[in-house]
Amino acid sequence: MASKQKMSDYLAECGTFYVATVDDGAPVVRPIGFQMCHDGELYFGIGTHKAVFAQIQATPKVSIAATKPDGQSWIRINGTVVFDDDPALVDAAFEAMPFLKPLYEGNGWTMGIFHLGSGVVTYYENLMAPVETEEF
Numbered sequence: 001m002a003s004k005q006k007m008s009d010y011l012a013e014c015g016t017f018y019v020a021t022v023d024d025g026a027p028v029v030r031p032i033g034f035q036m037c038h039d040g041e042l043y044f045g046i047g048t049h050k051a052v053f054a055q056i057q058a059t060p061k062v063s064i065a066a067t068k069p070d071g072q073s074w075i076r077i078n079g080t081v082v083f084d085d086d087p088a089l090v091d092a093a094f095e096a097m098p099f100l101k102p103l104y105e106g107n108g109w110t111m112g113i114f115h116l117g118s119g120v121v122t123y124y125e126n127l128m129a130p131v132e133t134e135e136f
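Under this note's numbering, the letters of the sequence shown match residues 1 to 136, in that order.
Here it is as structure tokens:
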């Protein structure tokens, strides 16, 4: 079983990561910067007002990719989204990234929190060589 903390730490080293969704049958990729490991689960947060939120609701499968600063090591996570409406998770998200709270509250936005219920993570080195693949 893959470690969610390991995935979170790896994504944190990468900084920005990219999430791919599907919109009307076509792939859409965008940068995302928020993730947190909370109570052993890897969570992501996006605004419910954004197109990506509607895309994930319509097709709850995503692919996440990120590259470490060395440009040689990277991660790919494919999984099925599970939304979680626990207000404590939104509070934890705002605690992890305090600049988000006034942005969301000031604009009347709501953050949607989700985790990946099942999937596969693969870690790569030297651009192409998979060094570890785990299911979660």
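Beta carbons are placed, not taken as given, at the ideal position from N, Cα and C, and that holds for glycine.
Check residue i in the structure and name its three-state DSSP category.
i: residue 119; result: strand
i: residue 84; result: strand
i: residue 33; result: coil
i: residue 94; result: helix
i: residue 8; result: helix
i: residue 108; result: coil
i: residue 58; result: helix
i: residue 102; result: helix
i: residue 136; result: coil
So who's on the other strand from residue i, going by DSSP bridges?
i: residue 38; result: 41
i: residue 78; result: 63, 120
i: residue 27; result: 22
i: residue 130; result: 124
i: residue 17; result: 32
i: residue 47; result: 111
Quick one, which of the options has its alpha-carbon nearest residue i's?
i: residue 49; options: 2, 81, 108; result: 108
i: residue 112; options: 33, 86, 133, 129; result: 86
i: residue 12; options: 37, 130, 26, 25; result: 37
i: residue 83; options: 115, 96, 70; result: 115
i: residue 14; options: 61, 71, 5; result: 71
Once you ignore the five residues that flank residue i on each side, which residues in its own chain have a CB closer than 6 Å to its CB?
i: residue 78; result: 63, 119, 120
i: residue 73; result: 125
i: residue 46; result: 52, 53, 112
Note down, in chain order, each residue of its chain lying with its Cβ closer than 8 Å to the Cβ of residue i, except the 5 sequence neighbours on either side.
i: residue 55; result: 21, 22, 23, 28
Checklist entry - Is the stretch 65-73 in contact with the stretch 95-105, if contact means three or more CB pairs nearer than 8 Å? => result no
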